[in-house]
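**Q** Residue numbers (the working numbering), protein chains in the order written: chain V, 1123 to 1258; chain Y, 1123 to 1258.
The structure follows.
Number of protein chains: 2
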Amino acid sequence: MKISKLHLKTPDEAETVFYQAFTHCDADVMAGLWADQGVVCVHPGSGAIIGYNAIIRSWASIFSNVQRTEMKYTSINRVVSKKLTVSLIAEELLSSEKIEAVVLATNVYQKFDSGWLMTGHHASLVQQHSRGQTLQ
Amino acid sequence: MKISKLHLKTPDEAETVFYQAFTHCDADVMAGLWADQGVVCVHPGSGAIIGYNAIIRSWASIFSNVQRTEMKYTSINRVVSKKLTVSLIAEELLSSEKIEAVVLATNVYQKFDSGWLMTGHHASLVQQHSRGQTLQ
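Here is the structure:
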């Protein structure tokens, strides 16, 4: 399948698209959001997945048995430069509107000629005893 | 105590200083390496620590009972822009030269008028079963 890359004007747009794709378990949108080169992805508790194809496969695998991820996400910190944005997000994963898990994700968005794409995602599970810190 | 900020010419220098401070458990160097504003730190399994003072306290606490951290670190990926660098590092924590744990860390270095300082550190423990991925 030929993947069409998205054309996103701001890191905010890239972030919105990322969480829409995550929430709707949409591997095609995810494939259009990630850059081709220099990309790395760390799912909670996992090693580093390097390379576009392996990263897209990992998302397709995560999405394979679910239709929708119930999630609320909150921006904690953002560092911005002209061509690079690093965003720390608290992801609250919900089940029947109750918080099942809290994940922290550092997302990296980079500006290319065609617009902003994702080049990094590093997620980690917050252990129960330290959750209080997350939701400052 | 008055903290003197370091004057570092490149993100490489900032990275070297970070791991020297980590290895030698040197909270003073760590205090000189972190920027004052817009900083965030996530230790493995923990919530987000926001703000310079809280971050420096957390490192001082980690260093309080140890003289030295045995560690080998390897760069996995780096995204660079003029004023911002994001670096993914595999940290192998050693005990008697054996690997005790593997941690992945996304480090963020930012260029200020005085030089490069650290503005982000997000670390997560790699669970045993997925370690193979890390050391690609």
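The beta-carbon is built from N, C-alpha and C at its ideal position, and this holds for glycine as well.
(1) Within 8 Å of any Cβ in chain Y, is that where the Cβ of V/Ser1203 sits?
(2) For V/Val1161, which residues from the same chain have a beta carbon less than 8 Å from its beta carbon, with the 5 sequence-adjacent residues on both sides left out?
(3) Just reading off the alpha helix (DSSP H) that V/Leu1130 is part of, what are its end residues?
(4) Less than 8 Å between CB atoms is the rule here; does V/Gly1242 satisfy it with respect to chain Y?
(5) Leaving aside the five residues before and after Y/Leu1155 along the sequence, list all residues of the same chain whose C-beta is less than 7 Å from its C-beta, in chain order.
(6) Would you identify the three-state DSSP class for Y/Arg1157, choosing helix, strand or coil?
(7) Taking DSSP's pairing of strands, which residues face Y/Arg1200 in a bridge?
(8) Using a Cβ cut-off of 7 Å, pull out every chain Y residue sitting near V/Ala1223, in sequence order please.
(9) Which residues, in order along the segment 1209–1220 of chain Y, keep a beta-carbon less than 9 Å from a beta-carbon of chain V?
(10) From what residue to what residue does the alpha helix (DSSP H) around Y/Ser1183 run?
(11) Can you tell me the Cα-Cα spacing of V/Ser1180 and V/Leu1247, whole angstroms?
(12) Considering only C-alpha positions, which residue in the set Y/Asp1235, Y/Gly1237 and Y/Ile1211 is nearest to Y/Ala1245?
(13) Answer with yes or no whether the minimum CB distance from Y/Thr1228 to chain V is below 8 Å.
(14) Whose C-beta lies closer than 7 Å to the C-beta of V/Cys1147 among residues of the same chain, with five residues either side of it excluded?
(15) Quick one, which of V/Gly1237, V/Gln1249 and V/Lys1131 has its alpha-carbon nearest V/Ala1157's?
(16) Indicate whether at least one CB of chain Y lies closer than 8 Å to the CB of V/Gly1167.
**A** Let's see:
(1) True, the Cβ-Cβ gap to chain Y drops below 8 Å.
(2) Excluding residues within five positions, the ones whose Cβ falls inside 8 Å are Ile1172, Gly1173, Tyr1174, Ile1177, Met1240, Thr1241 and Gly1242.
(3) Counting along the chain, V/Leu1130 falls outside any alpha helix (DSSP H), and DSSP gives it neither H nor E.
(4) Answer yes: the Cβ-Cβ gap between V/Gly1242 and chain Y drops below 8 Å somewhere.
(5) Cβ neighbours of Y/Leu1155 beyond the five flanking positions: Leu1128, Ala1136, Val1139, Phe1140, Ala1143, Leu1239 and Met1240.
(6) Reading the sequence as shown, one finds Ala at residue 1157 of chain Y and not Arg. Correct three-state label for Y/Ala1157: coil.
(7) Y/Arg1200 is bridged by DSSP to Y/Ser1209.
(8) Ordered by position in chain Y, no residue passes the 7 Å Cβ test against V/Ala1223, which lies about 12 Å from the chain.
(9) For the segment 1209–1220 of chain Y, which is checked against every Cβ of chain V, the residues closer than 9 Å are Leu1210 and Ala1212.
(10) Run containing Y/Ser1183: Tyr1174 to Phe1185, per the alpha helix (DSSP H) assignment.
(11) Spanning the alpha carbons of V/Ser1180 and V/Leu1247 requires a straight line of approximately 17 Å.
(12) Ranking Y/Asp1235, Y/Gly1237 and Y/Ile1211 by Cα distance to Y/Ala1245 puts Y/Ile1211 first.
(13) The beta carbon of Y/Thr1228 falls within 8 Å of a beta carbon belonging to chain V, placing the residue at that interface.
(14) Phe1185, Val1188, Gln1189, Arg1190 and Thr1191.
(15) If we check each option's Cα against that of V/Ala1157, V/Gly1237 comes out closest.
(16) Yes, contact with chain Y.
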